[in-house]
Every structure is written in C-alpha cells, then in structure tokens.
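Comments concern the structure below.
Protein chains: 2
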Amino acid sequence: MSAPLQNDTFLRACLRQPTDHTPVWLMRQAGRYLPEYRATRATAGSFMGLATNKDFATEVTLQPLERYPLDAAILFSDILTVPDAMGLGLSFAQGEGPRFAHPLRDEAAVMALQVPDLDKLRYVFDAVTSIRRALNGRVPLIGFSGSPWTLACYMVEGAGSDDYRLVKSMLYGRPDLMHRILDINAQAVAAYLNAQIDAGAQAVMVFDSWGGVLADGAFQAFSLAYTERVVRALKREADGRRVPVIVFTKGGGLWLEQIAGIGADVVGVDWTVNLGRARAAVGDRVALQGNLDPNVLFAPPEAVAHEAVALLDSFGPPQRPDGTWDGHVFNLGHGISQYTPPEHVAALLEAVHAHSRRQRQPMSHGG
Amino acid sequence: MSAPLQNDTFLRACLRQPTDHTPVWLMRQAGRYLPEYRATRATAGSFMGLATNKDFATEVTLQPLERYPLDAAILFSDILTVPDAMGLGLSFAQGEGPRFAHPLRDEAAVMALQVPDLDKLRYVFDAVTSIRRALNGRVPLIGFSGSPWTLACYMVEGAGSDDYRLVKSMLYGRPDLMHRILDINAQAVAAYLNAQIDAGAQAVMVFDSWGGVLADGAFQAFSLAYTERVVRALKREADGRRVPVIVFTKGGGLWLEQIAGIGADVVGVDWTVNLGRARAAVGDRVALQGNLDPNVLFAPPEAVAHEAVALLDSFGPPQRPDGTWDGHVFNLGHGISQYTPPEHVAALLEAVHAHSRRQRQPMSHGG
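Those protein sequence lines, which keep their order, are chains A and B.
Using this note's numbering, you'd call the opening residue of the first sequence number 394 and step up by one each time.
Using this note's numbering, you'd call the opening residue of the second sequence number 394 and step up by one each time.
As structure tokens, this is what we get:
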C-alpha cells in the first residue's frame, strides 16, 4: 500500500504532460558536497557500507530533500553493483574511485561471465522499498543502473580510464568477446531495473556514462543497441502508473536523434547540447533532461540563477503554440561536484522554479 | 631558397583541390611509440630538452617519415610554449604531464599577463627553419599552437584537469578576467603562428583540445570567438602558395557548422563525428581532417585496415558528381598512443593510400 504521490511534476514532465513548473533534481544530489552526507558516511565507514545498508541508504537519499525543494529522489547506490554481483570484486580505494579485483582480461574470464543471481543485489531492492516508504509520497523515486557498455568499460579496464585502451582493444580486436559481455550485461541490467521497479522505483534511468568515448558506428553497435535491449525489456507500469525510462549518454549529443528512437521516455543530455535545438530535433518524441554544467555552481548565486534562466529560455515554454506539451526535466549535465557550496544549490532551485513558473504565464513567457 | 615540394597532396586536399590519394598524417606522429624517438629523448634528457634544441627537434620530426609514407610532417613542439614564454614556468614532471609553476589564480596575476616577447620563442622558429631544410621538399611542414581557450585552461588550472573547476569558476564567476586572458592569448597565438609561417611552416593548425569541455554558449563566447580572431589574423600565403589553416576542437562535433564558419580551410574532427554527415554539412566550405579512434591501432593489422577503409567509405570519393572536389585529410581523432605497435601504423597507411586510390577509379569507387 503506497502513500499517494503529492508532487508528480517530475513524472508528468517525463511523459510530456502539462506541469506548472519545470521539475528539477540533480545527478548525485545525495553526496559529498553535503556535510550531513559526509557525517553519515563517516559513521558507515565506507561508500559500500552506505550503499549496502538500507537504513544508511535511506538516510542519505533523503538528505538533499530536507534542504531543497527537489522534485525527485534518486536511489543512493552505485552503477557498479551489477558487475560486483557477477563476482568481479568491487572496492573503493580511498580517493581513487572504483576498482575491480577480477577484471575481464582474457577469453576464459569472458566465457565464465554469467547473469548474476539477483538475490546478491537484494540490498539494493531493500533500499528502494525502504526509501519509498520514507518518502511517503513526497516526490517520486528514481532507480538506476549503468548501461551495458559503461559496465563493460569498468569490467574490462578494472577501474576508471583516460584512454579506454583495454576495452577498445577488445572491441576492435575481439568483437565477439565484447558482444558476449554486452549481451550478458543487457540481460542483467534489465532484470536489475525490473526488480527495482517491483521494489518501488517510479522511474528508472540508464547511465551510459562512457558511451561518448566511442567512435561513431561503434557507439551504435556496442552501446546503443544494448541499451535499447534493456529499455525494450523493462516493465513500464507500476501501481497503475507509467514508469518513465530515462537514458543518458554523456557525450552523446551527436547521436541524440538515434538515442531518442530506442523507446525511452526521456533522453538526458550534457551541457554541450543546445537545448533549444535538441527540443526542435526530438521534443515531440521524448522529453529532455539536463543540462547545466555542474561547474556553474562554483559561480556566485546571481550568476548561477542567470545561467539557469538562460537554460530554461533556451528550451522555451514547454507548451507549444498548438497547445501540446514538450517535456523538460531540469538537471545538471553530469553529477554535482563534491566542492559545490550547498547554498548555491538553493539559488539554482529557486531560479528554476520561479522562472519556469513565469514561463508558463501567457503574458510573459520566455522573458 | 626552398627546395620544390615533391608531394603536395596534403596541401591540395586542405584546399579541396584534386588529389590522386587521400593524404594522411597522424597527430603526435613523432612520439613515444617509436623506439628511435625514445632513444633521442633519452639523449636529450627531457621533453623540453628535445623541444628547445633545433637539432633534436629536427631529428624526431623526421623519424616517422623514415618509417612511413606520411604525406605531411608536423613540427615537434608542445602547445604550452606560449604560456611558458609569458613567464608561467612550464615543466614536465616524470609521468605526470605538464605543470606551470605560476598559474593564474587571482586578479593581480591576470592583470600582469602580457603578450610575450617572441624572441623567447626563437627556439621554435629555429626548429621550423631547420626541419624545413631537412625535409628538403619531401612533404609539407605543419606548424601549430594551442587555441587561446586551451592555453587558458592550463594557465589557470596549472596542469591537466578532469573537472576544469578552477578555469570554469573564473569563466562563470569573473568572465572579465577570462576575457582578458583570452584576448592576450589570441594576440600571442596569432603572432606565434605568423612567425612559424615566416620561418617556413607551410600549413598551421590550432589545437582547441579542451574546447569540447565547454557548455554550448560558453564554447562560442570563450573558445570559438578567440580562435576566430587568431585565424583572421594569420598570413595566408608564403612562397607564393596558400598556407592552409586547420582548426581542431576535440569534442566539438556538435558545433561543426559554426567552426566551419570562422575562416579556416580545414576543420579537424574527432572519432565521434560521422564523416559522411560532416561532409554533407560543411564539405563545400572546408576540408575535413580525421578521424580514426587511435585505439583502433591496438587491433590486429587486418582490423586496422578494415576500419580505415570504412572511414574512407564514410567520407566517400572526394570528387563529387558535378566534378568539383571536397577535401579529406586522413588522421586520427586524437594523438597516437604511446602504446601503439609501430607495425600497425604501417598497415594503416598502406590501407589509406591503397583504398583511397581505388576510390578515385571511376569503375570501382566507394567499394
């Protein structure tokens, strides 16, 4: 039995339905820029200590909602939970980012790879249910996963990379092995997201964080095709309500029209994309999510507000002259930086809500 | 008195004139993947030891030409010579990339910045003259510089960056200071490239390596506008021959049409760009340079050749049905990796030359 949703602006914008303001949430909104997050993490002892404990995960997921009038919550977790459940041995070394103890470096390792038992990811689904209960209908909860390609990057490289040499060597040299990994990842990600939806996620997002490192052609074959398989396999309704699917390819602006064609409701874009032009290209097919450069948040609050207004004006009033609506979910074009001053986030949200309400007044829209 | 040019294929392609094959050179072709380069560098003691000595610079510039049938040479130097001459104190720590001892972090430092005395860059112009003499007309010599924005990134950050937090904080928080740096950089880069042309450079390239990290809007105002000022200020003829100007913005594919409008002869593109679509968009205004993913070179030689052919086919035969020519200079979409097997480069060049000749045979073009 779920509490009724009090603020469905985010879900409505995802589905290109009328809204009285532009909804806003921020990638990595529960994170290190918040002192209360750092305190909880210190108690938990580690990142995975936070993510694998449903009480901690619930606590940090709700922290930014206590501070800011955000229109959505996002599950506190990591995109690498799935390969960890496959037995690759995830760890987060201090100040170094994620690392796998058993990366996929040879044919034997690839052939041994299997779709994981979802029971190993029970802690994620428990967190979803716990957060959903704690939210009590305040705003919708977004679940998420890495895309098959982005997971494969980490699984082969074993860690972050600045040249993707190992994973691309496999892609160009042994495409058969790469396709095998991606096939398994696509099955695993679809099952993982469907289980999050069963546990209470009201929207889901696929982070193709590293799709943009691929060459044209390779992107379509090794990233987009597998993200599409995930999207097409997802449950799209829960509690009698549509569950929107968001696909975000960082650096994918050149492929926007192709990404808009794989069945997602929303396409996330980074800050290199002109939102007005993107809307003209795909706004009648998908809603758009984005796309403020997170570095704008280092500027003084007035400058932050100025950039937010410029971005809303670039999209324009979401209602079209013919009365139909396009959808815009305001967000950053990437995760918020740990160095962000929290009060600048307040200025951003205030500007987005106020200006987007003004845009909806017929006499002054766009002004 | 210069020796006559024996292979002008590169210059002709830059200017969209007929060629009997697609010319090819590789960014960073004189570099660490070549054992002979590593040997010379060991003798010189350091990167700057190589770059500041005209004999060493000449030796390493010519090394890849001894191995491969490249259609152009590029000056061996670094994009950061200009800010070094401004007094920022460039050094290359072992395995760490470039670093400035005196980055621009406050208003006083920005106000003290000046266009450098070109005499401090004499070693670069001497190297150009020496290389030109050593080439003896074999292939044309390309000179280069970083773009005003890319130089500013290093000058403010003090080193490479993965979030560009400092330079973007200045851009959004103190745009007046950022514009001052860019104004000085544009003057310095134009004078620097003109002096390279005077010394013998037969084409020049502006590397906007970090233009693609900017948001739409910010890119046009803080990168493209200043690159345009450089391009418009360049000498375009030497020895009675046109000196082509190449502009390469890594990650700039979304702004291709705008970049094509700033007066350059050639626009470089990275591997995310579809070459056929790029040609359709701007091929009648500029030649295109690019755009193989350097990671392709880790695959076996047959796979390397396959990808090169696919890329040439994506551009298509450069002569159009109406008899006019579009220009394509084959290159990577970024510098060659130090881990590249040298014999794979040979396979690449062989494939580019052979297939592009086939494309020009009327009975079998595109096949």
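All residues carry an ideal CB built from backbone N, CA and C; glycine is no exception.
#1: Hey, G656 (chain A) and G604 (chain A): beta-carbon distance below 8 Å or not?
#2: Going by beta carbon distance, what residues of the same chain come within less than 6 Å of P711 (chain B), once the five residues before and after it are set aside?
#3: Is any beta-carbon of chain B found at less than 8 Å from that of Q410 (chain A)?
#4: Taking beta-carbon pairs under 9 Å, can you tell me which members of the region 481-492 of chain A lie near chain B?
#5: Between the Cα of V417 (chain A) and the Cα atoms of A:P735, A:N684, A:V623, which residue gives the shortest distance?
#6: The ligand HEM and P397 (chain B): does the residue's C-beta get closer than 7 Å to at least one heavy atom of that ligand?
#7: Quick one: Cα of P397 (chain B) to Cα of N529 (chain B), how far?
#8: Does the beta-carbon of Q507 (chain B) have 16 or more other beta-carbons within 10 angstroms, so that it is buried, or is it exposed?
#9: Going by DSSP in three states, I467 (chain A) sits in which element: helix, strand or coil?
#10: Compare the beta carbon distance of S616 (chain B) and S540 (chain B) with 8 Å and say whether it is the shorter of the two.
#11: Who pairs with Q682 (chain B) in a beta bridge, going by DSSP?
#12: Contact defined as beta carbons within less than 8 Å: I believe G566 (chain A) pairs with F691 (chain B). What is the distance between those atoms, to the nearest angstrom?
#13: In angstroms with no decimal places, state the Cα-to-Cα distance between V679 (chain A) and A478 (chain A).
#14: Mind pulling the chain A residues with CB within less than 7 Å of G646 (chain B)?
#15: At what residues does the alpha helix (DSSP H) containing R625 (chain A) begin and finish?
#16: Leaving aside the five residues before and after L463 (chain B) along the sequence, list all residues of the same chain whose C-beta is less than 8 Å from its C-beta, in chain order.
#17: Mind checking if W542 (chain B) is an interface residue toward chain A, Cβ cutoff 8 Å exclusive?
#18: Any idea which residues DSSP pairs P491 (chain A) with across the strands?
#19: V597 (chain B) lies in the beta strand (DSSP E); which residues open and close that run?
#20: Return helix, strand or coil for Q642 (chain A), following the three-state DSSP convention.
#21: Would you kindly check if the distance between the Cβ of F537 (chain A) and the Cβ of F600 (chain A) is under 8 Å?
#22: Under 8 Å: do the region 742-754 of chain B and the region 432-446 of chain B share three or more Cβ pairs, one atom per stretch?
#23: By the three-class DSSP mapping on this structure, what secondary structure does I590 (chain A) have?
#24: Does any residue of chain B have a CB that is nearer than 8 Å to the CB of F691 (chain A)?
#25: I need the straight-line Cα distance from G709 (chain A) to G669 (chain A), nearest angstrom please.
#26: On a CA-only basis, which of A:R635, A:L544, A:L705 is nearest L408 (chain A)? Give me that one, please.
#27: Of all the CB atoms in chain A, is at least one closer than 8 Å to the CB of R431 (chain B)?
#28: CA-CA distance, V453 (chain B) and L649 (chain B)?
#29: Any beta carbon from chain B within less than 8 Å of D706 (chain A)'s own beta carbon?
#30: Which residues, taken in chain order from the region 585-600 of chain B, show a beta carbon closer than 8 Å to some beta carbon of chain A?
#31: Flag A608 (chain B) as yes if its beta-carbon sits less than 8 Å from any beta-carbon of chain A, otherwise no.
#32: Give the interface partners of A696 (chain B) over in chain D, defined as CB-CB distance under 8 Å, in chain order.
#33: Which residues of chain A have a Cβ atom closer than 8 Å to the Cβ of E700 (chain B), listed in chain order?
#34: Answer with buried or exposed for E700 (chain A), where buried requires no fewer than 16 other C-beta atoms within 10 angstroms of its C-beta.
#35: Whose Cβ in chain B lies nearer than 8 Å to the Cβ of Y732 (chain A)?
#36: Between which residues of its own chain and L514 (chain B) is the CB-CB distance below 8 Å, once the five residues before and five after are set aside?
Quick look at the numbers:
#1: No. Outside cutoff.
#2: Non-local C-beta neighbours of P711 (chain B) in its own chain, meaning closer than 6 Å and more than five positions away in sequence, comprise W718, D719, H721, ordered along the chain.
#3: So, not an interface residue.
#4: So the list is empty, because no residue satisfies the distance condition.
#5: Out of A:P735, A:N684, A:V623, A:N684 has the C-alpha closest to the C-alpha of V417 (chain A).
#6: Of the ligands one can find in the structure shown there are none, so the ligand HEM has no counterpart to examine.
#7: Cα to Cα, P397 (chain B) sits roughly 8 Å from N529 (chain B).
#8: Looking at its Cβ environment, which holds fewer than 16 other Cβ atoms inside 10 Å, Q507 (chain B) is exposed.
#9: Under the three-state reduction of DSSP output, I467 (chain A) falls in the strand class.
#10: Contact flag set, yes.
#11: Paired residue(s): B:G661, B:V722.
#12: About 7 Å separates the two Cβ atoms, so the contact holds.
#13: Distance from the CA atom of V679 (chain A) to the CA atom of A478 (chain A), rounded to whole angstroms, is 32 Å.
#14: Within chain A, the residues near G646 (chain B) are L647.
#15: Note, R625 (chain A): alpha helix (DSSP H), 618-625.
#16: Cβ neighbours of L463 (chain B) within its own chain (closer than 8 Å, five residues either side excluded): V417, W418, L419, Q422, P457, V532, L742.
#17: Chain A contact via Cβ: absent.
#18: Answer is A:F485, bridged to P491 (chain A).
#19: Taken as a continuous stretch (DSSP letters only), the beta strand (DSSP E) holding V597 (chain B) covers 596-601.
#20: In the sequence as presented, Gln is not what sits at residue 642 (chain A); that position holds Thr. Strand at T642 (chain A).
#21: Yes.
#22: Between the region 742-754 of chain B and the region 432-446 of chain B there are fewer than three C-beta pairs closer than 8 Å, too few to call the two in contact.
#23: Helix, per DSSP.
#24: At least one chain B Cβ lies under 8 Å of F691 (chain A).
#25: Looking at the two C-alpha atoms, the distance is approximately 7 Å.
#26: Comparing Cα-Cα distances from L408 (chain A) to each of A:R635, A:L544, A:L705, the minimum goes to A:R635.
#27: Not an interface residue.
#28: The alpha-carbon of V453 (chain B) is positioned some 33 Å away from that of L649 (chain B).
#29: In terms of beta-carbon proximity, D706 (chain A) stays away from the interface with chain B, with every pair separated by 8 Å or more.
#30: Within the region 585-600 of chain B, no residue places its CB atom closer than 8 Å to a CB of chain A.
#31: With its beta carbon less than 8 Å from one in chain A, A608 (chain B) belongs to the interface.
#32: Of the chains in the structure shown, none is chain D; the protein chains are A and B.
#33: Neighbours of E700 (chain B) on chain A, chain order: Y565.
#34: So E700 (chain A) ends up on the buried side.
#35: By Cβ distance, chain B contributes R558.
#36: In its chain, beyond the 5 residues on either side, T474, V475, A478, Y585, A588 have a beta carbon closer than 8 Å to the beta carbon of L514 (chain B).
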